[in-house]
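Each number in the numbering used here corresponds to the 1-based position in the sequence shown with 1121 added.
One structure is given below, encoded as C-alpha cells.
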Amino acid sequence: MKRSLWLIVLFALPAAAAEPEAVDARLACRQEASPGRVLCELEVEARQGQLTWADAVVTSAPDMATPLRARVGPSQATARTPTRIRLPLSLAASREGRAKLSVRARWVLCPGGKRSCVPGHRTVTAEVVVGAIQEPR
1122 MKRSLWLIVL FALPAAAAEP EAVDARLACR QEASPGRVLC ELEVEARQGQ
1172 LTWADAVVTS APDMATPLRA RVGPSQATAR TPTRIRLPLS LAASREGRAK
1222 LSVRARWVLC PGGKRSCVPG HRTVTAEVVV GAIQEPR
C-alpha cells in the first residue's frame, strides 16, 4: 500500500508542475539608443494560487550584450504580490545591434495553499535592441 502511494505521488507531481497555463511568464527589454546598460524585466504571474518563489536564469545572451548576472533571485524582485513577481535583469551592451535574450523562469506555485505547492519553469525570450531601429525598405 505504501509503495503504491509513493508511486502515485511521484507521477502526480510532475503532471501538476507541467501545467503551463497556471503561470504566465513574460520577458521584455527596453530599447537603448547607444551601447551601455540595457534593462530587462521578467514578470511571473500566477493565474490561480500563490507564487511563493521565483527566479530568472539567463540561458542564452547575445555577444553584443552580456548579462551582468546569470541568475536573479527573489530577493532582487522590484515588485512582489502573492500572485506576481518582477525580476530585473541588466545587460552590458558593448555595441549596437539586435539579438535575442533567453531566460528560464522558474517558480514554485501553490494553487491550493502551502501544502500543495509545485515547481514549474518556462523559457521566455525577448529582443534586445541597441541603437537606432532601421526599417526595411
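A virtual CB, placed ideally from N, CA and C, is assigned to each residue, including glycine.
Here the structure is a predicted model, which means the values were calculated and not measured.
Kindly identify the DSSP beta-bridge partner or partners of Lys-1221.
By one-based count along the sequence shown, residue 1221 stands at place 100. Per DSSP, Glu-1248.
Count the other C-beta atoms from every protein chain shown that fall within 10 angstroms of the C-beta of Asp-1176, then say buried if there are 16 or more, exposed otherwise.
Position 55 of the sequence shown holds residue 1176. It counts as buried.
Measuring CB to CB, does Thr-1204 end up less than 9 Å from Glu-1162?
The residue given as residue 1204 occupies position 83 in the sequence shown. The residue given as residue 1162 occupies position 41 in the sequence shown. Their beta carbons are not under 9 Å apart, which means Thr-1204 does not touch Glu-1162 by this criterion.
Secondary structure at Pro-1240, three-state DSSP: helix, strand or coil?
Here the question's residue 1240 lines up with position 119 in the sequence shown. It is a strand residue.
Does Ala-1154 pass the burial test, meaning 16 or more other C-beta atoms within 10 Å, or should it be called exposed?
As a working mapping, residue 1154 is identified with position 33 in the sequence shown. Within 10 angstroms of the beta-carbon of Ala-1154 lie fewer than 16 other beta-carbons, which makes it exposed.
I'd like to know if Ala-1186 contacts chain C, where contact means its C-beta is closer than 9 Å to some C-beta of that chain.
Of the protein chains in this structure there is only one, and it is not chain C.
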